[in-house]
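Engineer: Reminder that position 290 of the sequence shown reads as 291 in the numbering used here, one-by-one numbering, no gaps.
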Amino acid sequence: MSAFLPFTKPSIDVATIAAVAEVLRSGWITSGPKVLEFERQLSTYFGGRLVRCFNSGTCTMEIALRIAGIGPGDEVITTPISWVATANVILEVGATPVFADIDPITRNLDLDQAEAAITAKTRAIIPVYLSGLPVDMDRLYGLAAKYRLRVVEDAAQAIGSSWGNRRIGSFGDFVSFSFQANKNLTTAEGGCLVLNNESEARLAEKYRLQGVTRSGLDGMEVDVAGGKFNMTDISAAIGLGQLPHLEAVTARRRELARHYFAVLGEDFEKRTGAQLPPGDFRNSNWHMFQIVLPEGVIRAEFMEKMKSRDIGCGVHYPPIHLFKLYRALGFREGMFPVAESVGRRIVTLPLFPAMSEADVERVCVAVREALQK
Ligand SMILES: *Cc1c(COP(=O)(O)O)cnc(C)c1O
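What follows is the structure, encoded as structure tokens:
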């Protein structure tokens with residue numbers, strides 16, 4: 002029997018393991034020179050824009066909202082199909098989450114729906130690049146300019162993605178990345194925020210560590226209740242080990258995604274009623290390979306069948322607005338029909354750089370069998 006194939010797995014090379022061991026032996030294991038070096042290299046990667054690192058992608062977005070001064074009374078528009086963190090951070094700063102439905106093809110925020118949801122209270126928009134596929138960035142920043150909105154890009158899944166010949170993160174307003182274990186570039190847990198100017202960077206540093214700034218009689222002053230969001234040098238050492246491989250990792254993911262399309266075949270959708278992801282090999286970093294199951298197929302049963310063939314699948318994501326917390330805020334079934342339909346049927350198939358072409362073929366056989374009537 003073949004070994005169990007998970008839906009994702011990090012690739013950590015021996016040099017990275019050695020670098021982490023070196024940090025552990027160094028006598029300085031929390032935020033220090035490795036974090037500064039990681040921020041410097043990320044800044045170079047993002048075309049010279051300012052970058053600050055944190056201990057999660059979630060707090061990265063929360064801090065962006067705080068820097069933008071968004072709080073009680075403000076509305077923030079986002080998508081219902083994301084990791085719940087995307088909406089939770091809006092609540093965390095005391096603002097009001099406003100969902101708009103998704104596009105059935107890209108599965109990202111539908112920018113027409115987002116525009117229709119804008120009110121006099123709307124201050125920001127948080128687009129999510131599901132599986133690493135960006136939204137129409139020209140349209141996004143057109144909307145932001147027209148309605149004077151801040152943008153916090155939830156690019157948690159989109160490191161290595163681009164918009165035409167520009168990297169995601171190298172342009173725009175706030176761009177937030179996650180380095181959680183499943184992401185294309187990981188620090189075990191962590192994240193970074195791409196910022197616009199020095200004053201935002203100073204605020205980011207302040208919110209990152211208890212609101213402390215260097216000033217005053219005792220060399221220290223506190224004027225806001227910041228949090229505890231700093232990245233450790235152990236994490237930064239993992240990130241520094243991953244960054245040089247990012248381009249090769251992205252290329253390998255694209256190759257495997259192409260193989261999925263080739264092996265499933267052009268008539269896959271017609272034959273099974275399932276829906277493939279948009280075949281964007283230029284902009285997407287292929288963080289995930291997600292299909293949408295046909296109506297009538299129960300996802301849990303499909304996943305059980307895959308599991309019985311030693312293949313792990315994932316659910317990314319159930320619609321946020323139908324969680325208890327959000328229902329309590331007044332959200333209901335029927336409000337975002339596309340998100341609800343996709344959220345019920347979307348499945349993540351295995352895709353990670355260490356997979357082989359043969360693994361992809363094994364998954365495709367299992368998918369076809371599991372979808373047979
Ligand atoms: C991973 C992820 C986050 C949160 O990142 P953490 O580092 O786990 O806090 C937010 N949004 C999306 C879309 C993600 O995939």
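Backbone N, C-alpha and C define an ideal beta-carbon position, used for all residues, glycine too.
The model shown is predicted, which means the values in this text are computed figures rather than measured ones.
Sorted by chain position, which residues of the same chain lie with C-beta nearer than 6 Å to Glu-222's C-beta, five sequence neighbours on each side aside?
Structural biologist: Once the five neighbours on either side are set aside, the close Cβ partners of Glu-222 are Thr-214 and Ser-216.
Engineer: Which one or two residues does DSSP pair with Asp-155 in a beta bridge?
Structural biologist: Answer is Val-129 and Ser-177.
Engineer: Smallest Cα separation from Phe-175: which of Thr-59, Leu-66 and Lys-271?
Structural biologist: Selected option, being the one with the closest Cα: Leu-66.
Engineer: Output the distance between the C-alpha atoms of Pro-351 and Phe-290, rounded to the nearest integer angstrom.
Structural biologist: Near 7 Å, if we compare the C-alpha coordinates of Phe-290 and Pro-351.
Engineer: Assign Asn-109 to buried or exposed, taking buried as 16 or more other Cβ atoms, counted over all protein chains shown, within 10 Å of its Cβ.
Structural biologist: That one is buried.
Engineer: Can you tell me the Cα-Cα spacing of Ile-347 and Phe-324, whole angstroms?
Structural biologist: Going from the Cα of Ile-347 to the Cα of Phe-324 covers about 17 Å.
Engineer: Thr-107 to Asp-139, Cα distance in whole Å?
Structural biologist: Those two C-alpha atoms are separated by around 16 Å.
Engineer: In the stretch 4-68, which residue ranges form an unbroken beta strand (DSSP E) of at least 3 residues, counting only runs that do not cross its ends?
Structural biologist: The stretch 4-68 contains these whole beta strand (DSSP E) runs: 51-55.
Engineer: Got a sec? Which residues, its chain only, sit under 8 Å from Asp-360 by beta carbon, not counting five neighbours each side?
Structural biologist: The answer, listed in chain order, is Leu-6 and Pro-351.
Engineer: Leaving out the 5 sequence neighbours to the left and right, which residues in its chain are closer than 6 Å to Arg-255 when beta-carbon positions are compared?
Structural biologist: If we look at Arg-255 and ignore the five residues flanking it on each side, its Cβ neighbours are Phe-282 and Trp-287.
Engineer: With 16 as the cutoff for other CB atoms within 10 Å, does Gln-181 come out buried or exposed?
Structural biologist: Buried is the call here.
Engineer: Report the residue from Met-232, Leu-204 and Gly-274 whose alpha carbon sits nearest the alpha carbon of Val-225.
Structural biologist: Among Met-232, Leu-204 and Gly-274, the Cα nearest to that of Val-225 belongs to Leu-204.
Engineer: Going by DSSP, which residues form a beta bridge with Leu-163?
Structural biologist: It should be pointed out that residue 163 corresponds to Ser in this sequence rather than to Leu. For Ser-163, which the question treats as bridged, DSSP gives the partners Arg-168.
Engineer: Is the stretch 33-47 touching the stretch 72-80 in the sense that three or more CB pairs, one from each, lie closer than 8 Å?
Structural biologist: Result no; under three Cβ-Cβ pairs closer than 8 Å.
Engineer: Taking only runs of the beta strand (DSSP E) that begin and end inside the stretch 269-330, which ones reach a length of at least 3 residues, in chain order?
Structural biologist: 290-293, all fully within the stretch 269-330.
Engineer: Pull up the distance between the alpha-carbon of Val-298 and that of Thr-273, whole angstroms please.
Structural biologist: The alpha-carbon atoms of Val-298 and Thr-273 are separated by roughly 10 Å.
Engineer: My guess is that Ile-82 and Tyr-327 are in contact by the Cβ rule of under 8 Å, so how many angstroms apart are they, rounded?
Structural biologist: Actually they do not touch by this definition, with Cβ atoms about 13 Å apart.
Engineer: Is Lys-122 near ligand 1, in the sense that its beta carbon is under 8 Å from a heavy atom of that ligand?
Structural biologist: Every heavy atom of ligand 1 is 8 Å or more from the Cβ of Lys-122, so no.
Engineer: Tell me whether Lys-184 sits in a helix, a strand or coil according to DSSP, three-state version.
Structural biologist: In this structure, Lys-184 counts as coil in the three-state DSSP scheme.
Engineer: Within 10 angstroms of its Cβ, does Asp-113 collect 16 or more other Cβ (buried), or is it exposed?
Structural biologist: Burial call: exposed.
Engineer: Taking C-beta to C-beta, are Val-368 and Met-307 nearer than 9 Å?
Structural biologist: Yes. Within cutoff.
Engineer: Return yes when the C-beta of Asp-155 is under 8 Å from any heavy atom of ligand 1, and no when it is not.
Structural biologist: Yes, ligand 1 has a heavy atom inside 8 Å of this Cβ.
Engineer: When DSSP labels each residue in this structure, what does Lys-374 get in the three-state scheme?
Structural biologist: Coil.
Engineer: Determine the DSSP secondary structure at Leu-134, reduced to helix, strand or coil.
Structural biologist: Three-state DSSP puts Leu-134 in coil, outside helix and strand.
Engineer: Could you pull the start and end residues of the beta strand (DSSP E) that Ile-347 belongs to?
Structural biologist: Ile-347 -> beta strand (DSSP E) spans 347-350.
Engineer: In or out: Glu-370 buried (at least 16 other Cβ within 10 Å) or exposed?
Structural biologist: That one is exposed.
Engineer: Tell whether a beta-carbon distance below 9 Å holds between Phe-178 and Val-195.
Structural biologist: Yes; because the gap between Cβ atoms is below 9 Å, this pair is in contact.
Engineer: Let me check understanding here. Comparing Cα to Cα, which of Ala-340, Thr-349 and Arg-124 lies closest to Asp-111?
Structural biologist: Ranking Ala-340, Thr-349 and Arg-124 by Cα distance to Asp-111 puts Ala-340 first.
Engineer: Look up Phe-332 in the DSSP assignment and give the residues it is bridged to.
Structural biologist: None, per the DSSP bridge assignment.
Engineer: What is the DSSP secondary structure of Arg-149, reduced to helix, strand or coil?
Structural biologist: Looking at Arg-149 - three-state DSSP - the assignment turns out to be coil, as it is neither helix nor strand.
Engineer: Quick one: which unbroken alpha helix (DSSP H) runs of 4-plus residues sit fully inside the stretch 223-265? Chain order, please.
Structural biologist: Qualifying alpha helix (DSSP H) stretches, in chain order: 234-243 and 247-265.
Engineer: Please check the pair Gly-280 and Phe-8, which I expect to be a contact at CB under 8 Å, by giving their CB distance rounded to whole angstroms.
Structural biologist: No, Gly-280 and Phe-8 are not in contact; Cβ-Cβ is about 20 Å, not under 8 Å.
Engineer: DSSP on Pro-338, reduced to helix/strand/coil?
Structural biologist: In this structure, Pro-338 counts as helix in the three-state DSSP scheme.
Engineer: Thr-87 lies in the beta strand (DSSP E); which residues open and close that run?
Structural biologist: From DSSP, Thr-87 is part of no beta strand (DSSP E) but of the alpha helix (DSSP H) over 86-93.
Engineer: Restricting to Cα atoms, I'd like to know which of Ala-252, Lys-122, Glu-362 and Gly-242 is closest to Ile-13.
Structural biologist: Comparing Cα positions, the closest option is Gly-242.
Engineer: Taking three-plus beta-carbon pairs below 8 Å as touching, is the stretch 228-243 in contact with the stretch 30-39?
Structural biologist: At 8 Å Cβ cutoff, the stretches touch.
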